[in-house]
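Residues in the sequence shown are numbered from 3 upward in steps of one, following the numbering used here. Here the structure is laid out as structure tokens; the discussion comes afterwards.
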Amino acid sequence: MSQQTLDLRRSIQMVRRRKKLFGSVVLLGLLIGGAYAVLKPPMVSSSALVFLPGASAQSAQAGSSGTGNIIATQVVVASSDSVLLGALPHIHPATSLQALQSNVQVSSVAGSILSFSASAGTAAQAEATANAVANSYVAYVSSATSPVGHVPAQIFEPASTATGTKLPEHIAIYALLGALAGALVGFVVSVAIGRNNRKLVERDAIANSIAAPVLASIPVAHPSDAASWAKLLDDYTPEVVDAWRLTRLLQQFGVSDIWTPDGTRGNGTSLTVLSLSSDPAALALGPQLAAFAAAQGIPTALVVGPQQDANATATLRTACIAGQPVAQRRKPLQLIVSDDSRVGQFQAAFVVVVAVVDGQEPRVPDTLRTAATVLGVSAGTATAEELARAATAAASDGREIFGILVSDPEPDDQTTGRVPHLTQPLRRPLPTRVNGAPMEIRK
């Protein structure tokens with residue numbers, strides 16, 4: 003039972019991760035169901051009643067069993083091709099014998115009364131069809147030359163009303179059925195894709211891919227243009243839980259210890275956030291961390307230097323360039339952009355460098371070397387191979403991956419990704435002191 007529960011939970015997680023696909027299939031099913039209902043409108047039915055006075059007299063002589071046989075015989079006669087063929091000329095629009103057979107039902111409702119029920123697209127057609135078949139039957143059995151013998155019959159109540167499902171209700175029913183069918187198909191497709199998907203979702207799986215701990219996992223903004231990036235850098239305010247996680251992250255890197263007991267500022271620290279170009283959401287990790295640190299009153303610099311693919315950080319670079327001339331900022335955040343391997347002079351207690359590499363052939367760009375490097379990745383966007391290649395490229399460039407930052411973690415992920423975990427905070431200084439001394443990128 004527990005295994006079944008686990009499989010169901012995993013299946014639901016797979017569907018949730020592909021909610022756009024699932025929703026699209028459900029919407030498609032709903033539209034198909036609604037379109038089918040419009041193209042095939044609901045049928046309405048109407049009934050005409052025929053009284054057989056002769057059947058009562060025959061029944062008195064034959065007994066109760068004889069009554070049933072007489073009425074059953076007349077039901078068969080009323081449904082025969084001869085009766086239906088006689089009704090065809092009076093039915094408009096014209097229809098075939100086979101269609102009429104499927105749309106007309108004859109039954110006994112009470113003693114010697116026959117009910118002729120007809121279904122059609124409109125009330126008028128249903129009433130006309132029921133009356134035409136009833137009249138054809140009366141004419142057929144009342145004829146002296148009838149092959150089944152003369153049977154007195156008369157119209158007891160002609161068809162004058164029709165009943166059936168209204169069009170809006172009909173559309174709603176079929177749309178709902180289509181949506182349910184789409185949900186089933188979407189569920190199966192999402193689970194099938196999920197089982198074949200090698201992208202890592204859980205924090206433990208991400209951490210084990212490169213044997214590095216997950217230092218923090220937070221939701222991130224998804225800026226799509228320079229204005230959105232500028233708003234993020236100026237107004238980023240995390241939720242209380244995420245703010246606590248970021249505070250603990252800064253403590254792990256010793257950022258909270260930059261002020262000495264005598265009130266002077268000690269050596270700062272620096273961090274490179276390395277992410278993949280195929281994971282645009284993870285690009286926001288570095289800027290959010292820098293904006294949060296600056297909001298705590300920590301003099302911070304966000305550095306966007308050379309990239310393996312300049313397009314990966316194009317909008318962020320534009321926002322940083324536009325923000326550079328601002329003299330009075332609401333928080334001590336410097337925005338540093340370089341088009342080559344060198345940047346201008348700046349002072350900061352905490353430096354965050356943004357670096358983006360290709361997931362298939364990663365090459366770490368020639369940018370500022372920092373005290374530590376972390377790998378930023380969104381849940382469900384990278385495979386173990388891609389993370390391993392990025393970590394290898396960083397190690398080849400002399401940048402060991404100390405940990406992982408996970409953006410947009412899966413809500414149902416109960417793992418921590420903290421095995422192995424950092425036992426000591428990282429307190430390596432910048433390449434040069436930043437308490438009043440300029441710093442620049444060096445080849």
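Every residue, glycine too, gets a C-beta built ideally from N, C-alpha and C. What you are looking at is a predicted structure, and each value in this text was computed from that prediction instead of being measured.
Would residue i pass as a contact of residue j if the rule is Cβ separation under 8 Å?
| i | j | result |
| --- | --- | --- |
| L407 | A174 | no |
| A122 | V135 | no |
| T369 | G307 | yes |
| A141 | A161 | no |
| P364 | R401 | no |
| A181 | V28 | yes |
| T147 | S47 | no |
| A303 | F348 | yes |
| D414 | A381 | no |
| A286 | A223 | yes |
| V191 | L23 | yes |
| Y139 | V52 | yes |
| I212 | I403 | yes |
| L248 | V376 | no |
| T385 | K201 | yes |
| S109 | V77 | yes |
| H94 | A128 | no |
| A155 | L41 | no |
Around the Cβ of residue i, are there at least 16 other Cβ atoms within 10 angstroms (buried) or fewer (exposed)?
| i | result |
| --- | --- |
| P225 | buried |
| A373 | buried |
| L389 | buried |
| A126 | exposed |
| Q336 | buried |
| E387 | exposed |
| R11 | exposed |
| E241 | exposed |
| W246 | exposed |
| R250 | exposed |
| P149 | exposed |
| R19 | buried |
| E159 | exposed |
| N137 | buried |
| G378 | buried |
| V503 | There is simply no residue 503 to check, as the chain begins at 3 and stops at 445 in what is shown. |
| Q362 | exposed |
| P170 | exposed |
| L291 | buried |
| T124 | exposed |
| N105 | buried |
| A312 | exposed |
| S98 | exposed |
For residue i, I'd like the list of residues in its chain whose CB is within less than 8 Å of its CB, leaving aside the five on either flank, ordered along the chain.
| i | result |
| --- | --- |
| S26 | G188 |
| H152 | V143, S144, S145 and A146 |
| W231 | P225, P289, T317, L318, T320, A321 and C322 |
| H172 | A39, P43 and P44 |
| A314 | S279, P282, L285 and V358 |
| K168 | P44 |
| A96 | L90 |
According to DSSP, residue i sits in a beta bridge with which residue or residues?
| i | result |
| --- | --- |
| T249 | Looking at the DSSP assignment, T249 forms no beta bridge with any residue, so it has no partner. |
| F352 | T271 and T302 |
| V46 | A122 and G166 |
| V379 | V408 |
| S117 | L51 and S109 |
| T385 | K201 |
| S144 | S144 pairs with nothing; no bridge assigned. |
| A357 | L276 |
| S219 | V408 |
| A374 | L273 |
| V339 | V306 |
| E159 | L51 |
| I323 | None; I323 has no bridge partner. |
| I403 | T375 |
Which same chain residues end up closer than 7 Å to residue i when comparing Cβ atoms and leaving out the 5 residues on each side of it in sequence?
| i | result |
| --- | --- |
| L30 | G184 |
| R319 | V306 and V339 |
| A295 | L252, V257, T302 and F352 |
| A293 | L234, L235, Y238 and L335 |
Below 6 Å CB to CB, which residues in the same chain sit around residue i once its five sequence neighbours on both sides are set aside?
| i | result |
| --- | --- |
| L102 | L86 |
| Q15 | D414 |
| D399 | V366 |
| Q310 | V359, D360, R365 and P367 |
### Query
Three or more beta-carbon pairs under 8 Å between the region 21-36 and the region 104-116, yes or no?
no
### Query
Any chance the region 274-283 sits against the region 357-368, with 3 or more Cβ pairs inside 8 Å?
Contact holds: three or more Cβ-Cβ distances are below 8 Å.
### Query
Are the region 77-84 and the region 195-211 touching by the rule of at least three beta carbon pairs closer than 8 Å?
Flag = no, the region 77-84 and the region 195-211 do not touch.
### Message
Any contact between the region 408-420 and the region 201-216? By contact I mean 3 or more CB pairs, one from each, below 8 Å.
### Response
yes
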